[in-house]
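**Student:** Sharing a structure below in structure tokens format, with a few things to ask.
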Amino acid sequence: MKNYHTHTFRCKHAVGEVDDYVQAAAAKGFTVLGFADHTALPDNRWLYMRMGRAELPGYVRAIEQAQGTWPGLTILKGMECEWASEYHSFFEDVLLGQYGLDYLILGCHFFPHNGDWLSSHYEVHSAEHLVSYTRHLIESMRSGLFAFVAHPDVFGLSYLNWDKNTEAAAKDILGAAKELDLPLEINGHGLVSRWVESDQGPRPAYPWLPFWELARDYGIQVVVNSDAHKPALVDEGLAEGFDLVRSLGLTLANMEHLEGG
Ligand SMILES: [Zn+2]
Ligand SMILES: [Zn+2]
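Read in order, the letters of the sequence shown are residues 1 to 261 in our numbering.
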């Protein structure tokens, strides 16, 4: 088993240190465990759900110290990032350059709308907001910094019914993923633990099935991750995610290039 999306206590809404996740993954027979905690940002924005600048060295050190401690388990150092133009050089020069991270993943938890930053989890409840989310996600994808896109359909948490707006958003995102050859993530945590009620019935908030049915038509590549926020859930939703990939006939991305260091 492989997982490229693992958090630590530093983001303030996960528990456990690097070693706790490593031990859980080793016990479950993982071959690859990639950490991608919510990144520090140069201006310490949105600090309530991410590590601060001061925690960055300790995060990297904890991963580096764990590397090589379990035979057969490759441990990778990554980060889940909110892209904005003002952060681009920090991600490129500091995270990838100075700290030598193996990869960055795009996690778009906020998007600009009429001069404010809104939550991709809780504030995509209108067509206008969905357009702004989609525009920002695609601009972030085009930065060229990211190995894959975490939960691209996270708008399903607050935009409740599938309609022509979600279909248009999905097609724009999928078209960009295809053009950029950028894999999209099927999020195991969402699949198992983040369900919503809507007029159309109960469903996982994300992955949202119609999005991934369309994905099949676009021939994009997918990656299945747990998005673990607790050591015991290091494999959350992986089996279910791979079932979804198989049942829809989606194409799994080969992520082995991330292991090259
Ligand atoms: Zn998180
Ligand atoms: Zn996320």
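Glycine included, each C-beta is placed from N, C-alpha and C at the ideal position.
For the candidate residues E179, L180, L118, A168, whose alpha-carbon lies nearest to that of L214?
**Tutor:** Checked all of E179, L180, L118, A168; the closest Cα to L214 is A168.
**Student:** Just the C-alpha distance for A66 and N114, rounded to the nearest angstrom, thanks.
**Tutor:** Straight-line Cα distance between these residues: approximately 44 Å.
**Student:** Have a look at S126 and F211 and give me their C-alpha separation to the nearest angstrom.
**Tutor:** For S126 and F211, the distance between alpha carbons rounds to 18 Å.
**Student:** Just to confirm the assignment: which complete beta strand (DSSP E) runs, minimum length 3, are found wholly within the region 109 to 154?
**Tutor:** Counting whole runs of 3 or more residues, the region 109 to 154 contains the beta strand (DSSP E) stretches 110 to 113, 116 to 119.
**Student:** Give me the Cα-Cα distance between D172 and G156, rounded to the nearest whole angstrom.
**Tutor:** Roughly 16 Å separates the two Cα atoms.
**Student:** Do T74 and A36 have their beta-carbon atoms positioned less than 8 Å apart in this structure?
**Tutor:** Cβ atoms of A36 and T74: not closer than 8 Å.
**Student:** Using the rule of at least 16 other Cβ atoms within 10 Å of the residue's Cβ for burial, across every protein chain shown, is A232 buried or exposed?
**Tutor:** Burial call: exposed.
**Student:** Checking 8 Å against the spacing of the C-beta atoms, do G188 and N225 come in under that value?
**Tutor:** Yes; because the gap between Cβ atoms is below 8 Å, this pair is in contact.
**Student:** Per DSSP, which residues does N3 bridge with? Please list them.
**Tutor:** DSSP, once it has assigned bridges, lists L33 as partnering N3.
**Student:** Taking T74 as part of the alpha helix (DSSP H), name the residues at either end of that continuous run.
**Tutor:** No alpha helix (DSSP H) contains T74, which is instead part of the beta strand (DSSP E) from 74 to 81.
**Student:** Once the 5 residues before and after L104 are set aside, which same chain residues still bring their CB inside 7 Å of it?
**Tutor:** Closer than 7 Å at the Cβ level, and outside the excluded window around L104, lie G78, M79, C81, F91, L95, L96, L145, F146, A147.
**Student:** With a 10 Å radius around its C-beta and 16 neighbouring C-beta atoms as the bar for buried, classify Y122 as buried or exposed.
**Tutor:** By the 10 Å Cβ count, Y122 comes out exposed.
**Student:** Checking 8 Å against the spacing of the C-beta atoms, do V234 and A62 come in under that value?
**Tutor:** No; because the gap between Cβ atoms is not below 8 Å, this pair is not in contact.
**Student:** Leaving out the 5 sequence neighbours to the left and right, which residues in its chain are closer than 6 Å to D102 when beta-carbon positions are compared?
**Tutor:** If we look at D102 and ignore the five residues flanking it on each side, its Cβ neighbours are L76, K77, G78, L258.
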